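**Q** Protein chains in written order, with my numbering: chain A, 1 to 249; chain B, 1 to 308.
All C-beta atoms, glycine included, are put in the ideal place defined by N, C-alpha and C.
As the structure is a prediction and not an experimental result, all values here were calculated from the model.
Rendered as structure tokens:
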């Protein structure tokens, strides 16, 4: 079974973001970028499926600027066999990315597609579900366990209040939650080897997909700052403040 | 304008979040219908009919909608969405699972986690873990939106909407329910609790989370945790408050042994009053806390429980 994974280049999760002075967007100049953490989990899950002999080939796709090839090389170093870069400098929203991925699914015919549940830049949590819609495939979102069983996959999902397990017919789309696995680090020899692995470059036009969206970004602002308050010296003082000053007890 | 609100269910009952989503629908304007889809959901439909501002509750009560699996829910929504200009759901795990699938089938974008309605086509939503707020305008004919319930005050319950069955029955052979393991608790649900007390890595281990129990009992609080505490295996993930967990905005939030990583702050910084208890007086949590208490939580927690 072929497994397709999607990875996104995003701001490193440790970076403190700044809003541009003209409020047009977040300032990403000279900011450290990395693979979206949920995508790292998708890569790890696919590689584990290959190690278990369930996946025969793992293919990674990324939609983004030329520099997104760094993240694809990382995926290759972690055990992905082959990569497809769909290069664009335009802002690609979830629906457009899902349309591109649907074309790749059509071409590659994977048995399973694994994506991160959300990217930590736009925090949308949409692409996997949209890809499932466009390909007509079932979806297992927010997965904390993925168990392939013949022509089905059991996906345990992190839902409000607990866990839900569903069975999906294959092919299927899965999106990862945090506890699915703990991603490994790439070893130096594998990073060197990854440079020789195949990485094909395409454009959205090659797939006949327009990136234009009907949603426009009017303004980006910093959130209202919350001011620190006071330090209290004792439990008694805390209770007194909560009762008499904040009036929440 | 006409808005369809997908009701959130919790174990077959109407979840509290729905009343917040109806408030967002009121801010948009126009007629508001609520869709209750599931199996054995008459009580939920009755509860939805009492929500202020709702004209009509549409009920799809059929085994195929049990557990609100994405494939049949969306097949149903696609049939109904043509009657509306907006489809809204809470940004719960159900809303987030279902609405993007609907949007893609309708070839429109979806707006996630909306916290404010500026007009019928312009909305505010947090990005970058809440470290920036984006104002976005949608020119799509159908606007598909998940609503963060902490952004809107719940509507009242003195309404009397009509209840009408939806007889659309869809097929689903792609997905099936296997099992559910829901945390059983007498405490209020994390997302809707008036008081939340959360523990972080400073709790040391899962056993020590019991120190929060007595205080939570006295305050009627829900218990949460930071991602660090979840990653360390102290508590299950459904207790996680933060960017990738629950977003809460209670009247009182007590952070115990939590340093205050931006991902955690993203989940609780809209709380009315924040208390931080931490032994490190440099911890970033104190920069957002209204009241900070520096000290050993293992001494402070028992004392706090006694004095309450």
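1) If residue 8 of chain B sits next to residue 95 of chain B, beta carbons under 8 Å apart, how far is it from one beta carbon to the other, in whole angstroms?
2) Any chance you could list the beta strand (DSSP E) runs of at least 3 consecutive residues sitting entirely within the segment 51 to 79 of chain B, in chain order?
3) Short of 8 Å Cβ to Cβ, which residues in the segment 100 to 111 of chain B face chain A?
4) Helix, strand or coil for residue 251 of chain B? Go by DSSP, reduced to three states.
5) So what's residue 196 of chain A in DSSP terms, helix, strand or just coil?
6) If you check the beta carbons only, do residue 60 of chain A and residue 80 of chain A fall under 8 Å apart?
7) Please give the ranges of any alpha helix (DSSP H) in the segment 155 to 238 of chain B, keeping only runs that are unbroken, at least 4 residues long and fully inside the region.
8) Take residue 203 of chain B as the anchor and find which of B:279, B:25 and B:177 has the nearest alpha-carbon.
9) Within the continuous alpha helix (DSSP H) that includes residue 7 of chain A, where are the two ends?
10) Throw me the rounded Cβ distance for the residue 186 of chain A and residue 77 of chain A pair, which I believe falls under 8 Å.
11) Does the beta-carbon of residue 38 of chain A have 16 or more other beta-carbons within 10 angstroms, so that it is buried, or is it exposed?
12) Helix, strand or coil for residue 109 of chain A? Go by DSSP, reduced to three states.
13) Out of A:146, A:45 and A:9, which has the shortest C-alpha to C-alpha gap to residue 28 of chain A?
14) Am I right that residue 232 of chain A and residue 238 of chain A are in contact with their C-beta atoms under 8 Å? What's the rounded C-beta distance?
15) Which partner residues of residue 160 of chain A appear in the DSSP bridge assignment?
16) Between the Cα of residue 22 of chain A and those of A:31, A:219, A:212 and A:190, spot the shortest distance and give me the residue it belongs to.
17) Helix, strand or coil for residue 185 of chain A? Go by DSSP, reduced to three states.
18) Could you name the residues that DSSP lists as bridge partners for residue 147 of chain A?
19) Cα separation between residue 12 of chain B and residue 164 of chain B?
20) Identify, in the order they occur along the chain, each residue of the same chain with its Cβ nearer than 6 Å to the Cβ of residue 155 of chain B, setting aside the five sequence neighbours on each side.
21) Would residue 127 of chain B count as contacting chain A if we go by Cβ distances under 8 Å?
22) Find the nearest neighbour of residue 82 of chain B within the set B:262, B:187 and B:144, judged by alpha-carbon distance.
23) To the nearest angstrom, how far is the alpha carbon of residue 205 of chain B from that of residue 98 of chain A?
24) Does residue 62 of chain B come within less than 8 Å of chain A when only Cβ atoms are used?
25) What are the start and end residues of the alpha helix (DSSP H) that includes residue 243 of chain A?
26) Can you tell which of B:127, B:237, B:139 and B:134 has the C-alpha that lies nearest to the C-alpha of residue 142 of chain A?
27) Residue range of the alpha helix (DSSP H) that residue 94 of chain B falls in?
28) Check the Cβ-Cβ distances between residue 93 of chain B and every residue of chain A, and say whether any is below 8 Å.
29) Using the three-state DSSP reduction, which class does residue 140 of chain B fall into: helix, strand or coil?
30) My output table needs one value for residue 97 of chain A: the three-state DSSP class, helix, strand or coil.
31) Mind checking if residue 307 of chain B is an interface residue toward chain A, Cβ cutoff 8 Å exclusive?
32) Under 9 Å between beta-carbons, which chain A residues line up against residue 286 of chain B? List them in chain order, please.
33) With a threshold of 6 Å on Cβ separation, who are the neighbours of residue 41 of chain B within its own chain once the five nearest residues in sequence on each side are excluded?
34) Taking Cβ-Cβ distances below 8 Å as the criterion, which residues of the segment 202 to 230 of chain B are in contact with chain A?
35) Looking at the C-beta of residue 129 of chain A, does it have a partner C-beta in chain B at a distance below 8 Å?
36) Please tell me whether residue 139 of chain A has its Cβ less than 8 Å away from any Cβ of chain B.
**A** On the basis of the supplied data:
1) As a first step, residue 8 of chain B must be located in the second chain, where it is residue number 8. As a first step, residue 95 of chain B must be located in the second chain, where it is residue number 95. The C-beta separation of residue 8 of chain B from residue 95 of chain B comes to about 7 Å, placing the pair in contact by the 8 Å criterion.
2) You should have 56 to 61.
3) So the list reads 100, 101, 102, 103, 104, 105, 107, 108, 109, 110 and 111, given in the order they occur along the chain.
4) Numbered from its first residue, the second chain carries residue 251 of chain B at position 251. Reduced to three states, the DSSP call for residue 251 of chain B is coil.
5) Residue numbering aside, residue 196 of chain A sits at position 196 when the first chain is read from its first letter. The answer is coil: DSSP assigns residue 196 of chain A none of H, G, I, E or B.
6) As a position in the first chain, residue 60 of chain A is number 60, starting the count at 1. As a position in the first chain, residue 80 of chain A is number 80, starting the count at 1. Yes, they are a contact pair.
7) Within the segment 155 to 238 of chain B, the runs of alpha helix (DSSP H) at least 4 residues long that lie entirely inside it are, in chain order, 210 to 219 and 227 to 231.
8) Along the second chain, one-based indexing puts residue 203 of chain B at 203. For residue 203 of chain B, the closest alpha carbon among the candidates B:279, B:25 and B:177 is that of B:279.
9) Here residue 7 of chain A refers to the residue found at position 7 when the first chain is read from its first residue. That residue, residue 7 of chain A, is in no alpha helix (DSSP H); it is neither H nor E in DSSP.
10) Within the first chain, residue 186 of chain A is the residue found at index 186, counting from 1. Within the first chain, residue 77 of chain A is the residue found at index 77, counting from 1. Sure, about 4 Å apart at Cβ, within 8 Å.
11) Position 38 of the first chain, counted from the first residue, corresponds to residue 38 of chain A. Classified as buried, residue 38 of chain A has 16 or more neighbouring CB atoms from the shown chains inside 10 Å of its CB.
12) For the purposes of this step, residue 109 of chain A is taken as the residue at position 109 of the first chain. Reduced to three states, the DSSP call for residue 109 of chain A is coil.
13) Start at 1 with the first residue of the first chain, and residue 28 of chain A comes out as number 28. Answer by Cα proximity: A:9.
14) For this step, residue 232 of chain A is matched to residue 232 along the first chain. For this step, residue 238 of chain A is matched to residue 238 along the first chain. Yes, residue 232 of chain A and residue 238 of chain A are in contact; Cβ-Cβ is about 5 Å, under 8 Å.
15) Along the first chain, read from residue 1 onward, the residue named residue 160 of chain A stands at position 160. DSSP, once it has assigned bridges, lists no residue as partnering residue 160 of chain A.
16) On the first chain, residue 22 of chain A is found 22 positions in, with the first residue counted as 1. Minimum Cα distance to residue 22 of chain A is reached at A:219.
17) Counting from 1 along the first chain, the entry for residue 185 of chain A is found at position 185. Of the three classes helix, strand and coil, the one that applies to residue 185 of chain A here is coil, per DSSP.
18) Numbered from 1 along the first chain, position 147 holds the residue referred to as residue 147 of chain A. Paired residues: A:154.
19) Residue 12 of chain B sits at position 12 when you count from the first residue of the second chain. Residue 164 of chain B sits at position 164 when you count from the first residue of the second chain. Put simply, the backbone Cα of residue 12 of chain B is about 18 Å away from that of residue 164 of chain B.
20) Counting from one through the second chain, the residue named residue 155 of chain B turns up at place 155. Annotation for residue 155 of chain B: 19, 22, 23, 51, 52 and 53 place their beta carbon closer than 6 Å to its own, counting only its chain and skipping 5 residues before and after.
21) Numbered from its first residue, the second chain carries residue 127 of chain B at position 127. At least one C-beta of chain A is nearer than 8 Å to the C-beta of residue 127 of chain B.
22) Along the second chain, read from residue 1 onward, the residue named residue 82 of chain B stands at position 82. Closest by alpha carbon: B:144.
23) For the purposes of this step, residue 205 of chain B is taken as residue 205 along the second chain, with counting starting at 1. For the purposes of this step, residue 98 of chain A is taken as residue 98 along the first chain, with counting starting at 1. In this structure, the straight-line span from the alpha carbon of residue 205 of chain B to that of residue 98 of chain A is close to 41 Å.
24) As a first step, residue 62 of chain B must be located in the second chain, where it is residue number 62. At a cut-off of 8 Å between beta-carbon atoms, residue 62 of chain B makes no contact with chain A.
25) Within the first chain, numbered from 1, the residue matching residue 243 of chain A stands at position 243. That residue, residue 243 of chain A, is in no alpha helix (DSSP H); it is neither H nor E in DSSP.
26) Here the question's residue 142 of chain A lines up with position 142 in the first chain. Relative to the Cα of residue 142 of chain A, the nearest Cα in the group B:127, B:237, B:139 and B:134 belongs to B:237.
27) Locating residue 94 of chain B in the second chain gives position 94, where the first residue counts as 1. For residue 94 of chain B, the enclosing alpha helix (DSSP H) stretches over residues 93 to 105.
28) Stepping through the second chain from its first residue, residue 93 of chain B is reached at position 93. Interface residue (Cβ-Cβ distance to chain A less than 8 Å): residue 93 of chain B is classified as such.
29) Position 140 of the second chain, counted from the start, is the residue given in the question as residue 140 of chain B. Coil at residue 140 of chain B, not helix or strand.
30) Here residue 97 of chain A is taken as the residue at index 97 of the first chain, counted from 1. Three-state DSSP puts residue 97 of chain A in a helix.
31) Taking the second chain and counting its residues from 1, the one referred to as residue 307 of chain B is at position 307. Yes, contact with chain A.
32) Here residue 286 of chain B refers to the residue found at position 286 when the second chain is read from its first residue. By Cβ distance, chain A contributes 228, 229 and 231.
33) Taking the second chain and counting its residues from 1, one reaches residue 41 of chain B at position 41. Counting only Cβ-Cβ distances below 6 Å, and skipping sequence neighbours, we find 61.
34) Across the segment 202 to 230 of chain B, CB contacts with chain A closer than 8 Å involve 219, 227 and 230, in sequence order along the chain.
35) Counting from one through the first chain, the residue named residue 129 of chain A turns up at place 129. Under the Cβ criterion of 8 Å, residue 129 of chain A is counted among the residues facing chain B.
36) On the first chain, residue 139 of chain A is found 139 positions in, with the first residue counted as 1. True, the Cβ-Cβ gap to chain B drops below 8 Å.
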